[in-house]
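The next block holds one structure in the form of structure tokens; read it before the comments.
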Amino acid sequence: MPELIICSNCEGELLDDSEFCPHCGYLLTDEKLFCDQHPNKEAGGVCIICERLVCEMCSEESERRVFCLDHLEVIVDGDWAEVFRSTDVHDAELAKSLLKDAQYHIETQNFGSIGYSWDGGGDNPQSRSNLNNPAKIFVPIDEYLKAKEALDDWRNASIDNTSIT
């Protein structure tokens, strides 16, 4: 049975039989691995979002975490990735419900009352945008791609439905 060890790069816990750290993308194997996009280049890490092996040419490191160039803009906080952001209260609540109903693990920021507004407090689009304080939804990093796809499908369906009427 695998035991937990500590990553020497980020100090995250992982299984001792892991080939890479899921928290930072640091390679843990002595085996020579090659980039998924450039098979003749040695991989320097694994993208923490899509788990592709990446070389120096197709990766960036941010806060000691490896990202492929496709996922460099994903906002990560701990082991959570931001999958949704909006100042539109209605859209934020719909996205939250969609992800909850689809059984994703979610964490939210800036939902509910966000402070003073002219109508006596509470959450409304004007107070949210005036404070530059959008609602945010985070999912575990390993759920990010599927959650993002679910939200993209929802957005595309919403666009298709409005163009029909």
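Just so you know, we're using the numbering used here here: the sequence shown kicks off at 1 and counts up by one. Where a beta carbon is used, it is the ideal one built from N, C-alpha and C, also for glycine. In this text the structure is predicted, and so the values were computed from the model without any measurement.
Worksheet item: Alpha carbon to alpha carbon, how far is K148 from N156?
Response: As a working note, residue 148 is residue 148 in the sequence shown. As a working note, residue 156 is residue 156 in the sequence shown. Their Cα atoms are separated by approximately 12 Å.
Discussion item. Taking the straight line between their C-alpha atoms, what separation do you get for A135 and C47?
Written reply: Locating residue 135 in the sequence shown gives position 135, counting from the first residue. Locating residue 47 in the sequence shown gives position 47, counting from the first residue. Cα to Cα, the separation comes out at about 26 Å.
Worksheet item: Hey, how far is the Cα of D36 from the Cα of C68?
Response: Locating residue 36 in the sequence shown gives position 36, where the first residue counts as 1. Locating residue 68 in the sequence shown gives position 68, where the first residue counts as 1. Rounded to whole angstroms, D36 to C68 spans 11 Å at the Cα level.
Item to complete: Would you identify the three-state DSSP class for I6, choosing helix, strand or coil?
Response: Stepping through the sequence shown from its first residue, residue 6 is reached at position 6. I6 falls in the strand class under three-state DSSP.
Item to complete: Return the chain-ordered list of same chain residues with a C-beta closer than 7 Å to the C-beta of K32, the five sequence neighbours on each side being excluded.
Response: Within the sequence shown, residue 32 is the residue found at index 32, counting from 1. E42.
Item to complete: Note down the Cα distance separating A81 from V74, rounded to an integer number of angstroms.
Response: Taking the sequence shown and counting its residues from 1, the one referred to as residue 81 is at position 81. Taking the sequence shown and counting its residues from 1, the one referred to as residue 74 is at position 74. A81 and V74: Cα-Cα distance of roughly 7 Å.
Discussion item. Buried or exposed for G44, going by 16 or more other Cβ atoms inside 10 Å?
Written reply: Position 44 of the sequence shown holds residue 44. G44 comes out buried.
Worksheet item: Is V76 helix, strand or coil when you go by DSSP?
Response: For the purposes of this step, residue 76 is identified with residue 76 of the sequence shown, where counting begins at 1. Of the three classes helix, strand and coil, the one that applies to V76 here is strand, per DSSP.
Fill in: Other residues of its chain near E13: CB distance less than 7 Å, five sequence neighbours each side excluded
By 1-based counting over the sequence shown, the position of residue 13 is 13. Taken in chain order, the residues that qualify are L4 and I6.
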